[in-house]
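A.B. asks:
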Amino acid sequence: MSRRERQRITIVVDGAEIEASEGQMLVDAAKGGDVEIPVFCYEPKLGDPVGACRMCLVEIEGIPKLQTACSTPIRDGMVVYTQTDRVKEAQNAVVEFLLVNHPLDCPVCDKGGECPLQDIAMGWGHGTSRVTDPKRHFQKPIPLSPLIKIDRERCILCYRCVRFSQEVAEDEQLQLLERGAGSFVGTFNDRPYIAPFHGNIIELCPVGALTSQSYRFRARPWDIEDAGSVCTLCPSQCNVKFTVRDEGVARVLGRDNDEVDDGWLCDKGRFGYQMFASADRPTAPQVREGGALRAADWEEALERAARGLTEAHGKVAAIVGGGASNEEAYLLQRMVRGPLASGDVAGTPHSALARQTRVALSDLSLSVATASLDHADAILVVGTDPMHEMPILELRIRKAVRRHGASLLVATERPTALDGGAAVDSGGCMEAQRYAPGGAADFLEGLAADLASGAAENGLVAALKGAGDTVIVWGERVATGPDAERAAAALLEIASTLGLADQAGGGLYEVPIAANGRGIREAGANQNTGPGLSATATGRSPAEIRDALVSGELEALILWDVDPVRDFDDP
107 MSRRERQRIT IVVDGAEIEA SEGQMLVDAA KGGDVEIPVF CYEPKLGDPV GACRMCLVEI
167 EGIPKLQTAC STPIRDGMVV YTQTDRVKEA QNAVVEFLLV NHPLDCPVCD KGGECPLQDI
227 AMGWGHGTSR VTDPKRHFQK PIPLSPLIKI DRERCILCYR CVRFSQEVAE DEQLQLLERG
287 AGSFVGTFND RPYIAPFHGN IIELCPVGAL TSQSYRFRAR PWDIEDAGSV CTLCPSQCNV
347 KFTVRDEGVA RVLGRDNDEV DDGWLCDKGR FGYQMFASAD RPTAPQVREG GALRAADWEE
407 ALERAARGLT EAHGKVAAIV GGGASNEEAY LLQRMVRGPL ASGDVAGTPH SALARQTRVA
467 LSDLSLSVAT ASLDHADAIL VVGTDPMHEM PILELRIRKA VRRHGASLLV ATERPTALDG
527 GAAVDSGGCM EAQRYAPGGA ADFLEGLAAD LASGAAENGL VAALKGAGDT VIVWGERVAT
587 GPDAERAAAA LLEIASTLGL ADQAGGGLYE VPIAANGRGI REAGANQNTG PGLSATATGR
647 SPAEIRDALV SGELEALILW DVDPVRDFDD P
């Protein structure tokens, strides 16, 4: 499903010509001419606009009634007015209606100082209120989930949180309950909203109705600093923004990057920052003395480490964990293979694929970017459950199915969150198959044979053969274990049969087991490849390193971001 290039057209907004893409929504096109049209409900990441808040009303030449700029696609020659008396009167009225029941909580509201309602009330409101009747009241605040509190008095019914639940995460737990002036956001029977992405509704809320329990009352916008970073808790590597106060992380927000994460975060990435302040986190080096560990300064610790490694020259091994950075992995393997004269560098999780196979799987002609999934005709998920291994990829796949009608095909050894219903509303083909634990190689070989021969076509084979751009999302677990080479060879054969290398938007998309599994591998922290998957002398695997330490063949071991008890089946 190739992307259609949109024609550039010209519109006129408040007398100024603006060039924009055909079909773009007016509210977005106006930004190209530095014209701000106020919005509350509009958020492109949520899908098609709903025009719920009516804040973006504008006057369009040739149309008698005011139109919502968020749901009006532009056309060539369109003439728009955003500053007429008629428009201002309508916008003032919308603000007044929103404030009829909105409480004056600004001095104690967490959103104060970074609140769109405050900004729009100042810029587009009357400045005075004519309302003397009592406002509506709810019990406040109440837990919506163990991590989020909801203040229904502040809610302006913009639908953002409900739309996220129903149209993006597809957990369908949040709903708009009751009717008219009595409407409010909630869950069926007031059940806790438990979902892996539900923290995103805190950021989506344009007022202080949804607040984080861990950040509530902790800081004001003028008390904090924001620092951009990247989440390292899974291979998604989402762009994040740390809110810092008093030299500590107070919260984590998403940082829009359409090529990686669409601006979303999973709850692990959003709320996992609390581990930074854990009382169990080591804050200083420790050295062993008399059979016990004691605190030491960096100078002493580094001197002892250097002395021990020098004495074990040639008999040193290193195991690098998947949380290490590319730079750490590269420098560590260079130190071990260079000055320490050892070839025993291994990464976790361990994969014994031959170098040639690794090079073939990493071929740029077969590689596909995350954003390419948006416009794929078919997506085959093999040997991975994105919800647990790369959560934001799950949202990207659902988006491709829901908005663009991609055919979703799933083949795993255990049930996944993608198995049911992800394609029901879009008309895309849905096929979920199971293979026995450890049977990835057999399944892939069978699929490769069926695709090549055209015999015994099942739903999965038919969907793949009839699709255009196809993305195969494969888990690294497929390429581990005794049948790793067979599985990888079959995967490459399938890619060749489907012609993925020649497809503009098709290819192989690997889901590593560890957060930076692919990065440390290509940095050279691997048993049989050097930096850039270059040829190098084959070293020991982690299991062989363990045995060599026991036998005395190795005298020193460097564990970098590795916990043997956690990372190995038989430590």
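So the sequence shown is residues 107 to 677, counted in our numbering.
Using N, Cα and C, we set each Cβ at its ideal position, and we do this for glycine too.
As the structure is a computational prediction, the values presented were derived from the model and not from experiment.
Assuming W370 and N306 make a contact with CB atoms under 8 Å, what is their CB distance in whole Å?
C.D. replies: Sure, about 6 Å apart at Cβ, within 8 Å.
A.B. asks: Apart from the five residues on each side of it in sequence, which residues of its chain come closer than 6 Å, Cβ to Cβ, to L132?
C.D. replies: A175, T178, I180.
A.B. asks: By Cβ distance below 6 Å, which residues in the same chain neighbour A435 in space, the five residues on each side in sequence not counted?
C.D. replies: Once the five neighbours on either side are set aside, the close Cβ partners of A435 are V426, I626, A629, A631.
A.B. asks: Do you know offhand how far W230's Cα is from I308's?
C.D. replies: Roughly 24 Å separates the two Cα atoms.
A.B. asks: At the level of alpha carbons, what is the spacing between G323 and D216?
C.D. replies: According to the sequence provided, residue 323 is Phe. The question's Gly does not apply to it. Going by the C-alpha atoms only, they are around 6 Å apart.
A.B. asks: Could you give the distance in angstroms between the alpha-carbon of V442 and the alpha-carbon of A325?
C.D. replies: Answer to the nearest angstrom: the Cα atoms are 46 Å apart.
A.B. asks: Which whole-angstrom value is the C-beta distance of S320 and F377, which I expect to be below 8 Å?
C.D. replies: Going by Cβ atoms, the distance from S320 to F377 rounds to 7 Å, so yes, they are a contact pair.
A.B. asks: Please report the straight-line C-alpha distance between D653 and V451, rounded to a whole angstrom.
C.D. replies: Answer to the nearest angstrom: the Cα atoms are 15 Å apart.
A.B. asks: Can you tell me whether T522 is buried or exposed, with buried defined as 16 or more other CB within 10 angstroms of its CB?
C.D. replies: The residue in question, T522, is buried, as its Cβ has 16 or more Cβ neighbours within 10 Å.
A.B. asks: As an exercise, report each continuous beta strand (DSSP E) stretch of at least 3 residues that is fully enclosed by the region 465-553, in chain order.
C.D. replies: If we require 3 residues or more, the beta strand (DSSP E) runs fully inside the region 465-553 come out as 484-488, 513-518, 536-540.
A.B. asks: Excluding five sequence neighbours on each side, which residues of the same chain lie with their C-beta closer than 7 Å to the C-beta of A301?
C.D. replies: Here the set comprises A275, D277, Q279.
A.B. asks: Just to confirm the assignment: which complete alpha helix (DSSP H) runs, minimum length 4, are found wholly within the region 347-421?
C.D. replies: As far as the region 347-421 is concerned, its whole alpha helix (DSSP H) runs of at least 4 residues are 373-377, 404-417.
A.B. asks: Can you name the start and end residues of the alpha helix (DSSP H) that L639 belongs to?
C.D. replies: Taken as a continuous stretch (DSSP letters only), L639 belongs to no alpha helix (DSSP H), as it is neither H nor E.
A.B. asks: What is the DSSP secondary structure of M228, counted as helix, strand or coil?
C.D. replies: M228: helix per DSSP, three-state reduction.
A.B. asks: Would you give the residue range spanned by the beta strand (DSSP E) that A452 belongs to?
C.D. replies: Counting along the chain, the beta strand (DSSP E) containing A452 begins and ends at 450-453.
A.B. asks: So the beta strand (DSSP E) I578 belongs to, where does it begin and stop?
C.D. replies: It spans 576-581 - the beta strand (DSSP E) in which I578 sits, taken as one unbroken run.
A.B. asks: Let's test the definition: count the other Cβ atoms within 10 Å of the Cβ of M228 and tell me whether it reaches 16, buried, or not, exposed.
C.D. replies: M228 is exposed by the Cβ-count criterion.
A.B. asks: Can you tell me which of D368, E202, R260 puts its alpha carbon nearest to the alpha carbon of L499?
C.D. replies: Of the candidates D368, E202, R260, the one whose C-alpha sits nearest the C-alpha of L499 is D368.
A.B. asks: Taking only runs of the beta strand (DSSP E) that begin and end inside the region 602-627, which ones reach a length of at least 3 residues, in chain order?
C.D. replies: Segments of the beta strand (DSSP E) lying fully in the region 602-627: 613-617.
A.B. asks: So, with DSSP's three-state summary, where would you put L132?
C.D. replies: Helix.
A.B. asks: Out of curiosity, what's the CA-to-CA distance linking A136 and D525?
C.D. replies: About 41 Å.
A.B. asks: Select from G397, Y615, A447 the residue whose C-alpha is nearest the C-alpha of T490.
C.D. replies: Out of G397, Y615, A447, Y615 has the C-alpha closest to the C-alpha of T490.
A.B. asks: Reducing DSSP to helix, strand and coil, say where I254 ends up.
C.D. replies: Strand at I254.
A.B. asks: Between which two residues does the alpha helix (DSSP H) containing D191 stretch?
C.D. replies: Its alpha helix (DSSP H) spans residues 191-205.
A.B. asks: Secondary structure at Q343, three-state DSSP: helix, strand or coil?
C.D. replies: Q343: coil per DSSP, three-state reduction.
A.B. asks: By DSSP's criteria, E125 is part of a beta bridge. Which residues make up the other side?
C.D. replies: Paired residue(s): T116.
A.B. asks: Mind pulling the alpha helix (DSSP H) runs of 4 or more residues that sit fully within the region 233-317?
C.D. replies: As far as the region 233-317 is concerned, its whole alpha helix (DSSP H) runs of at least 4 residues are 266-269, 306-310.
A.B. asks: Within 10 Å of its beta-carbon, does D531 have 16 or more other beta-carbons around it, so buried, or fewer, so exposed?
C.D. replies: Per-residue confidence for D531 stands at a pLDDT of 46, beneath the threshold of 50, marking its modelled position as unreliable; the derived number appears in the next sentence. Exposed, because fewer than 16 other Cβ atoms sit within 10 Å of the Cβ of D531.
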